[in-house]
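Peer 1:
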Ligand code: CA
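Numbering (the numbering used here), first residue to last: 101 to 466.
#1: Can you say whether residue 304 is buried or exposed, counting buried as having 16 or more other CB atoms within 10 angstroms of its CB?
#2: For residue 197, which of 187, 185, 189, 211 has the nearest alpha-carbon?
#3: Pick out whichever of 256, 200, 205, 289 has its Cα sitting closest to the Cα of residue 243.
#4: If we call anything under 8 Å between Cβ atoms a contact, is residue 437 one with residue 454?
#5: Start and end of the alpha helix (DSSP H) containing residue 435?
#6: Residue 253: which of 293, 367, 441 sits nearest, CA to CA?
#7: Taking C-alpha atoms, which residue in 152, 215, 173 lies nearest to residue 331?
#8: Could you name the residues of the same chain whose beta carbon sits closer than 7 Å to that of residue 231, not counting the 5 residues immediately before and after it, in chain order?
#9: Consider the C-beta atom of residue 473 and the heavy atoms of ligand 1; say whether any pair is separated by less than 7 Å.
#10: Spatial neighbours of residue 241 within its chain, please: C-beta separation below 6 Å, excluding the five flanking residues on both sides.
#11: Give the list of continuous alpha helix (DSSP H) stretches no shorter than 4 residues that lie fully inside the stretch 389-454.
#12: Leaving out five residues before and five after residue 386 in sequence, what residues of the same chain have Cβ atoms less than 6 Å from its Cβ?
#13: Alpha carbon to alpha carbon, how far is residue 362 from residue 273? Give it in angstroms, no decimals.
#14: Anyone know if the C-beta pair for residue 345 and residue 327 falls short of 8 Å?
#15: Flag this pair as yes or no: are the beta carbons of residue 389 and residue 189 separated by less than 8 Å?
#16: Could you check whether the Cβ of residue 255 sits closer than 7 Å to any heavy atom belonging to ligand 1?
#17: Classify residue 364 as helix, strand or coil using the three-state DSSP reduction.
#18: So what's residue 287 in DSSP terms, helix, strand or just coil?
#19: Following the continuous beta strand (DSSP E) through residue 80, name the residue where it begins and the one where it ends.
#20: Specify the secondary structure class of residue 137 as computed by DSSP and reduced to three states.
#21: Report the option in 194, 118, 209, 278 whose CA atom is closest to the CA atom of residue 391.
#22: Taking all protein chains shown into account, decide if residue 103 is buried (16 or more other Cβ within 10 angstroms of its Cβ) or exposed.
#23: Strictly by DSSP, which residues pair up with residue 161?
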């Protein structure tokens, strides 16, 4: 059974519209299902319809209740799949938070006292979220007192993003439409200088890349696993009451075509239903198109971290590539591709696609 991820595509001379991926083809849903909700240049109108419409559309696709010729992927341009409303980035990997704490604050306990009590997060910049394939200019910024210029410690963060369809609070699967892959590009030198005391800002906001395909939650039913044990026991509003939402996804990070890490999503400490509960507990409203990301996915094992700062231990142990190159942080011209797979309902693994980007030199500041 195909897992039927959704995206937005265009062909020569035609406006972007919603499609579903079937193998190496895209099905034009407005044409195939005769429904104008798919003629929009984003998934937002369809996502806003809610789970009954999501299920019915999926059933019609699976039962082949459509009549159109799928278009080869090679003939289409893929666009940002949804209009991003608000963007929140969490920090849900115990190993990532511990590793970064050790590097940024070597004289303190690596985890801050709040970390095991709530999913720590911050509001990111939705306007600079770009679709996979968009080149990323190396950011300029302050790297310390009186020091300005291009970041020399440009990094990646391999993450999973959750896309909100229906506003309001309630059961996770009644609000979240699906998942996307996220590369939260991070300038570590800008970040280290600016982040105290209000958190990440310009070291993150220059660009965040997402995959062109949004995999519906329904396609991930075989990937659902119990979340990791939590100590102390979370407050009531953070209890995992709606069934397990740990996800057995395997990410892969490729640098210039070579896999340098395989982050395991199932090792994440906070689960996405907990992130959503936390995001809304103060009365903050959601909007269709909100994106909340997991934070860097880093496993306990060496070589399974989702950022170069961890893989190279803050530059002390460069990552060795098969062609003899080494990397601590990204160089101009480097290409990073993050992909992921999950167990499918028929026993075969499904692909969640990929998010890729190539680093361009910094823009000159005159
Ligand atoms: Ca991040």
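Just so it is clear, CB atoms sit at the ideal spot from N, CA and C, and this is done for glycine as well. Bear in mind that the values here come from a model prediction, so they are computed numbers and not experimental data.
Peer 2: In brief:
#1: buried
#2: 211
#3: 289
#4: yes
#5: Run containing residue 435: none in the alpha helix (DSSP H); it sits in the beta strand (DSSP E), 435-443.
#6: 293
#7: 215
#8: 178, 179, 180, 310, 312
#9: Nothing about residue 473 can be read from this structure; the chain reaches only from 101 to 466.
#10: 290, 302
#11: 408-411
#12: 264, 267
#13: 27 Å
#14: yes
#15: no
#16: no
#17: strand
#18: strand
#19: Because residue 80 is not part of the residues shown, which for the chain are 101 to 466, the question remains open.
#20: helix
#21: 278
#22: buried
#23: DSSP output for residue 161 lists no bridge partner at all.
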